[in-house]
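K.L.:
Our numbering applies: residue 2 is where the sequence shown begins, and numbers increase by one.
Take a look at this one; I'll ask things after.
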Amino acid sequence: MLPGLKKLEICIVEDEAHLREELAETLIEAGFEVRSFSASRELYTALLDMPCNIAILDIGLSGEDGFSIAARLRNLGKIGIIMLSARTEIEDRVRALQGGADVYLTKPVDLRELLAVVSSLARRLALPVPPATVSTEVAPNPWSFSADHWAVIAPNGTSLDLTA
């Protein structure tokens, strides 16, 4: 994490306790701040105290469903919304994306994919992301590739922008 930047805040709304805990644990281990809830009411109460940067929402919740939570959150401003559902129908995917979600993932989700989506969404929204583990070994080839900026970086720090 760069000095002066706070950690990325992620809220999870998932009614299945085991999955909610697994998602939270994975994201915490990756360096994110995580709060998890079983229903929308808990989420809204928590957001009054502290906003979040990214919300991960299940669709099939008791009470208010993930579609309407996403619509409400979208009205709050700059927040990333990831829908995580067992529903695989195209109608649900389209409804979620048109209703405010940035990404739609289906269960069971590979946790590596979820971490990649969270990091990608954070970059797009210009949010702080925990740094990747840095190796202290000297690489045999000092050239590097920046996926964030689509550039090749020379040993002297000069970068060459890449195009599609």
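Quick reminder that beta carbons are idealized off the backbone N, C-alpha and C, glycines included.
Just so you know, these numbers come straight off a predicted model, no measurement behind them.
For G100, collect the residues of the same chain with a Cβ closer than 7 Å to its Cβ; drop the 5 residues on either side in sequence, then sort them by chain order.
P.N.:
Here residue 100 refers to the residue found at position 99 when the sequence shown is read from its first residue. Excluding positions up to five away in sequence, the list reads F68, A71, A72.
K.L.:
Do we get a CB-CB distance below 7 Å when we pair Y105 with the residues of chain D?
P.N.:
Absence of chain D from the displayed structure is noted, only one protein chain being present.
K.L.:
Can you list, in chain order, the residues of its chain with a C-beta nearer than 6 Å to that of L28? Leave out the 5 residues immediately preceding and following it.
P.N.:
By 1-based counting over the sequence shown, the position of residue 28 is 27. Around L28: I11, V35.
K.L.:
Should the segment 31-51 be called in touch with the segment 81-89, which here means at least 3 C-beta pairs below 8 Å?
P.N.:
Output reads no: the segment 81-89 does not touch the segment 31-51.
K.L.:
Whole angstroms is fine: what's the gap from R21's alpha carbon to V14's?
P.N.:
For this step, residue 21 is matched to residue 20 along the sequence shown. For this step, residue 14 is matched to residue 13 along the sequence shown. Their backbone Cα atoms lie some 8 Å apart in a straight line.
K.L.:
Which class does I154 belong to by DSSP, given the choice of helix, strand or coil?
P.N.:
Position 153 of the sequence shown, counted from the start, is the residue given in the question as residue 154. DSSP places I154 in strand when its eight states are reduced to three.
K.L.:
Please determine, among N54, D59, I55, the residue with the shortest C-alpha to C-alpha distance to A18.
P.N.:
Your numbering for residue 18 matches position 17 in the sequence shown. Of the candidates N54, D59, I55, the one whose C-alpha sits nearest the C-alpha of A18 is D59.
K.L.:
Which of the three DSSP states, helix, strand or coil, is assigned to A102?
P.N.:
Residue 102 sits at position 101 when you count from the first residue of the sequence shown. Coil.
K.L.:
Buried or exposed: V95, going by 16 or more other Cβ atoms within 10 Å of its Cβ?
P.N.:
Residue 95 sits at position 94 when you count from the first residue of the sequence shown. Counting Cβ neighbours within 10 Å, V95 comes out exposed, since fewer than 16 surround it.
K.L.:
Would a C-beta distance cut-off of 7 Å place L9 and N54 closer than the cut-off?
P.N.:
What you label residue 9 is simply residue 8 of the sequence shown in a count that begins at 1. What you label residue 54 is simply residue 53 of the sequence shown in a count that begins at 1. Yes, the Cβ-Cβ distance between L9 and N54 is below 7 Å.
K.L.:
Counting only the same chain and skipping the five closest in sequence on each side, list residues whose C-beta sits under 8 Å from that of L163.
P.N.:
As a working mapping, residue 163 is identified with position 162 in the sequence shown. If we look at L163 and ignore the five residues flanking it on each side, its Cβ neighbours are W151, A152, V153.
K.L.:
Just to confirm my understanding: we take T89, look at its own chain, exclude 5 residues before and 5 after, and list those with CB closer than 7 Å. What are they?
P.N.:
To locate residue 89, count along the sequence shown from 1; it is residue 88. Only T107 meet the Cβ criterion.
K.L.:
L85 lies in the beta strand (DSSP E); which residues open and close that run?
P.N.:
The sequence position of residue 85 within the sequence shown is 84, counting from 1. Counting along the chain, the beta strand (DSSP E) containing L85 begins and ends at 81-86.
K.L.:
Looking only at its chain, what residues have a beta carbon closer than 8 Å to the beta carbon of D16, apart from the 5 residues adjacent to it on each side?
P.N.:
Reading the sequence shown from its first residue, position 15 is the one you call residue 16. Excluding sequence neighbours, D16 sits near S39, A40, D59, G61, L62, S63.
K.L.:
Our contact map puts M74 next to A56 with C-beta atoms below 8 Å; I'd like the distance itself, whole angstroms only.
P.N.:
Translated into positions along the sequence shown, residue 74 becomes position 73. Translated into positions along the sequence shown, residue 56 becomes position 55. Reading off the sequence shown, one finds Leu at residue 74, where the question assumed Met. Confirmed, about 6 Å.
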